[in-house]
Amino acid sequence: MFVFYYITMLVFSLLFFFPVLEARIQQLQSDIVLDVQHAKVQFVNASKSGRGASSGKSHKNVSGGRTELPKVGQTISKGGGQTGKGGGKDASVYKSRWMEKLIQEKTTKTKKLNLKKAKGKGKASKEPAPEFSELVQDNSEARMYEGVQLSVHCYLEACVFCGDIDRAQRLLLTHHRMISRRNLLNIGLYNVMMRVWAKKGSLNQIGRMFILVEEAGLKPNLTSYCAALECMGRTPNCSPKVINRVLRQMKEDGLCVEELFRLCVFRQDERDMVLRAIHTVEPDFQPSINTVLHTCSSPLVKDFYTERADAKYPKLAFSLEELRERFSRQLSMEQASTITIHSVEAMNPLDEGLTQALLAEQRMVWHKALVGALRESNMILASITPKAVRLSLYPYLCLMDQKDYVDIMIQSLSNLPPSGESLHILAKELGNRVHNKFCIRMKSHNQMVDKLSHIYNEYAELLAKDSQDFDVLPRERWWKLEAEHSSGPSLLGDNTQWPHTVVVELGTYLVDLMVKHMKVNSDILNPANDRKFIPVLYHMYTFRSNKQVGFIKPHPILTQMQQDAMETTLTFDSYVMPMLCPPVPWTSAKFGAYLLTPTKMMRTVVGANQHEILLEKCQDADLHAVLDSLNQLGNAAWRINQPLLDIIISVFNDKGNEKLDIPPPNSEAPKILRYSQQDLATYSSAEKAHLKRELVKAKKKCSEMHSLRMDALYKLSIANHMRDEVFWFPHNMDFRGRTYPCPPYFNHLGSDVTRAILVFAEGKPLGPGGLKWLKIHLVNLTGLKKRSSLAGRLEYANTIMDDILDSADNPLNGKKWWQNADEPWQALACCMEIANAVRSPDPTHFISHFPVHQDGSCNGLQHYAALGRDVIGATSVNLIPCEVPQDVYSGVAQQVEEFRARDSEKGLKIAQVLEGFISRKVVKQTVMTVVYGVTRYGGRLQIEKRLKEVDDFPKEYVWDASHYLVQQVFSSLKEMFTGTREIQDWLTESARLIAKSGNTVEWVTPLGLPIIQPYHRTRTQMVRLNVDLSLQITHDSKQKPDTVKQKNAFPPNFIHSLDSTHMMLTALYCYSAGLTFVSVHDCFWTHALTVDTMNKVCREQFVALHSQPILQELSNFLLQKYCSGLS
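Using mature numbering (1 follows the signal peptide of the UniProt record, and there is no 0), the letters of the sequence shown correspond one by one to residues -23 to -1, 1 to 1104.
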């Protein structure tokens, strides 16, 4: 029966692909027999309500005709044609009794299904409930088909990568034969298997896949035909007729051969095989190379792209050979996945050597135990016969050597805090590490690395100081090189991002292995204890925000061993380190930044994929300005300020300094007192409650101190590791367009400490005005003279030169003037730079690497004032020239004081109490956050917190005073920024109406970047393994929009998108002028020499941006997007 069935499938394949040589037929028949036990297919008519016509009547052949099922009594030629009705010539005749039986069975099955459907029974067969978090869902969850498709797609890819083709094929066929699940499939899932069979040169399996695709009511796409042509290219002496029929069918389906080479993602030698097949019928065919450079259509960047004659694109201070050597080092680091560096923490002089050896020995024991446990669990999973559509973790546990999984698990121990870590967070970290390592291995497997190396080595010529000048941008140069080297694999990989549930379940599985199999002797540190094996990790539950949360907590023995060992090394994932070579330029939303590590241009949160869909719909040219700005930021080279780093490390190892934001070690944490039951028996209930509160506070303090200490340790250790290097920070953005460096721990967006130890790798002479800007920058960092003019600040700096020089010469033992600055470490770094400059023979020729900052004056209010054309508000945020800089916070405080004085005269008690307490500090946070949508309630809490910090203010009036002040602050802002509140109200109400209609709020920035707010109703999903885990997914695009979040977030997010647009415009035009430019959102950095040029560009681009009809264009977009279908 089964043999007859598979011979039938062979005939169907031959009908599809037409004649193949006799010898090849025998070979294909032998291929099919090998898969008999795993490839049972049940033919049923597709539902009329499905995505295509019923496939039971006919099948479309390659030439576009229809090949009817042979009727009883007909015979079939080897060539695939039918005899008896104009069949092929001289064809051998075969009996067809088995065909009659097949048609009979198919007809019976179809009638049964139609009968069930008529009775309202949608399921073709009853299957047991799916495991693996019920990732494959039943008919009632068909609306979630996108999630199912992604889960199945990733599962198939994992099976294929680890060589388990039978498992992948079986899963796809099982889904296909059940109509309720077949409707959840898409063409991409069939393409996964087509690519597998194409690699094997199995034409019959390819044909079979095409038949299944038509039965599913789907239409083959470019990837489908690409797989078919690849298979034919691998098939010796493949008939040209078959190839021609495929090409004709492509044309009938509206697909072009040229599009194959332009849009398909190729692996290994797939492109060459497709080309070989096409050359069989068209020997002169060559894919065209698109050399036309399209530019962004936004008028804001027209001059940037068209007027290049005077552009001064900067070069790096490295030779071509040096850049290529740096690329090799970066490639090696990413291929290794992890990097081990020295810790800056001082060694404990007591017994750290003994404890380190003990901990190293235990890790070897744990490593061996975990390898054995993982091997045993994999054998069990492999032996379980898969049932129905259940997905298991088995393929995901076979993607790498077992040692690699265990290395990831052991590495996570070092980062586990003594107080424990959320199971969800720990599982997600482990799962993501596996996924990243798999993606890197996939790229190596697809032979992408060699091509990447070749293109990058040529791309480096654009940046090297000893190569010719190019009048092209990094993106344009890379794109052109890719077009010139189109053969071989595509650099843009097609790795699918694993679903969050898969990542978490895989991580949870690994955590469970750690909890079960990592044990230690209880007397390892204290021989007086009873000797027994105890777990190193514990799974426990705690409550956070009234929700039960799973926690993984280390045993105190492990914590003690790690603290006593004072390990001298730290291990990080390679992608958390700065890059050793310039990043790969962003050429699309999916390609750029690191060499191998997968990185998205737009950061997304769990469940949010709307941004990716929007970006895919964009025309390539519309994103060019955004991509080029990211590339400009990423190409800025950095180095370490070594003298300052040494000072910070010395303070770090000298018990830290909380005033200077250097956290103390854990030894300085408050001791957690332990009480025996006998002691507690002597306390009253109130005393016990007090002790419990104190215990909670002490534990919280210890946990916070540990987190801060480890964060500082990571930053300083990375900085120390890079102290002699030049490095780069690749950039990407959030959904609003705000840019961020990709390395998470150490970058210039960090704290005062990390900003202070970073300087530009390229130095430039100070020139005639550079020293002036260094001094003004220093005064800005102190927080003094905010209301003084630039000349006044410079004069003040000159009067305190003795303090500046003393701070530079004796930072820890002198007057310590720098320690009272708002940003003390950056102030000290600036003092040292000024001292070096003034002591040089000629300060104008002094080479400075120091970045000088120009910060926005309450940037959000600047944008609102410009949008609303508020003259008074614009003056207060320095949009209108004034003799002295304006301070909007002081202005609001002054106006609130006037309101208070007026009410005090009227006899209002709270106004009288507040006399002398209204200051800039009290109102600053509320003024700053009003632009970002803070409510009166939130503003009241902010002011209440500030008032509590004032020692002399009577505490009994805090609530009344904060309630009164928030009203006055809002009234003051309403008078100063008349249009701001109206704009905010319009944005808020628009978002409310959009969300109430079931839509999410979208808009497009003036640079063409599509924005969509990812706020949806929370969905809870249970992960059910040995450890249950509840996932709260708040950004699932398949859920309804969260109206409250949508409306509250629209005003601040819209302003953030304008803020990022202005920054990008400034970055592009600074790049064109040859400046080094980086930003921390609305704070722009450059060399002291080029501050004036950057300021000019910044102002010009702000004016250009707000000369556009921004609100009118937004209104037009919203009307077209959400109201075009209304009458």
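C-beta: ideal position from N, C-alpha, C; glycine also.
First and last residue of the uninterrupted alpha helix (DSSP H) at residue i
i    : result
R410 : L400 to H422
Q245 : Neither: Q245 is in no alpha helix (DSSP H) and is coded neither H nor E.
T283 : K279 to T283
T478 : H477 to H494
Q379 : Q379 to S391
M710 : It is not in any alpha helix (DSSP H) - M710 instead sits in the beta strand (DSSP E) that spans H708 to M710.
D880 : V865 to E882
Through-space distance from residue j to residue i, alpha-carbon basis
i     : j     : result
P1086 : G910  : 23 Å
H477  : V583  : 7 Å
K428  : I318  : 30 Å
R239  : A204  : 15 Å
T852  : N1072 : 18 Å
G124  : Q872  : 55 Å
S684  : N618  : 25 Å
S157  : A193  : 11 Å
W1062 : H1039 : 14 Å
R715  : D605  : 14 Å
V762  : A1050 : It is Lys, not Val, that sits at residue 762 in the sequence shown. Each residue's alpha carbon lies about 32 Å from the other.
L166  : Y552  : 30 Å
R144  : K177  : 16 Å
C233  : P264  : 11 Å
I80   : H153  : Note that I80 scores 43 on pLDDT, short of 50, meaning its location in the model is unreliable and no value can be drawn from it.
Pair within 7 Å by beta-carbon distance, residue i and residue j
i            : j     : result
residue 1110 : V348  : With the chain covering -23 to 1104 only, the question about residue 1110 has no answer from this structure.
H588         : M579  : yes
V908         : L964  : no
T903         : G916  : yes
V756         : A768  : no
A441         : L308  : no
V251         : N221  : no
H993         : Q1016 : yes
Terminal residues of the beta strand (DSSP E) in which residue i lies
i     : result
Y373  : It is not in any beta strand (DSSP E) - Y373 carries neither H nor E in the DSSP assignment.
T995  : Looking at the DSSP string, T995 is not in any beta strand (DSSP E), and its letter there is neither H nor E.
V1057 : V1055 to V1057
I777  : No beta strand (DSSP E) contains I777, which DSSP labels as neither H nor E.
P987  : P987 to I989
L699  : Residue identity differs from the one stated: residue 699 is Met in this sequence, not Leu. No beta strand (DSSP E) holds M699; DSSP gives it neither H nor E.
E979  : E979 to V981
K530  : K524 to P531
R616  : A614 to I617
Neighbourhood of residue i by C-beta distance below 7 Å, restricted to the same chain and skipping five residues each side
i    : result
S728 : D638
Contacts around residue i, its chain only, beta-carbon distance under 8 Å, and the 5 residues preceding and following it disregarded
i     : result
R508  : N498, S499 and D500
A1081 : L277 and L1042
M377  : V411, K414, F415 and R418
L1095 : S967, I971 and W980
L918  : S939
R452  : P562, W563, T564, H601, L604, D605 and N608
R454  : Y436, L439, F447 and P562
V321  : I626, F629, N630, L690, L693, S694 and N697
Nonlocal neighbours in the same chain, by C-beta distance under 6 Å from residue i, ignoring five residues either side
i     : result
S117  : Because S117 carries a pLDDT of 32, less than 50, the predicted location of this residue cannot be relied on, and the following value inherits that uncertainty. Cβ neighbours of S117 beyond the five flanking positions: none.
V1057 : L726
L607  : W563 and H708
L535  : V513
E311  : S551, L572, L573 and T574
8 Å contact criterion, which residue i and residue j should meet: CB distance rounded
i            : j     : result
L573         : K420  : 5 Å
Y1046        : Q1078 : 6 Å
N697         : I624  : Contact flag wrong, Cβ pair sits at about 13 Å.
residue 1110 : V946  : The requested residue 1110 is not part of the displayed model; the chain covers only -23 to 1104.
T957         : G850  : 7 Å
7 Å Cβ cutoff, residue i in contact with chain B
i    : result
Y841 : The structure shown contains no chain B; it is built from a single protein chain.
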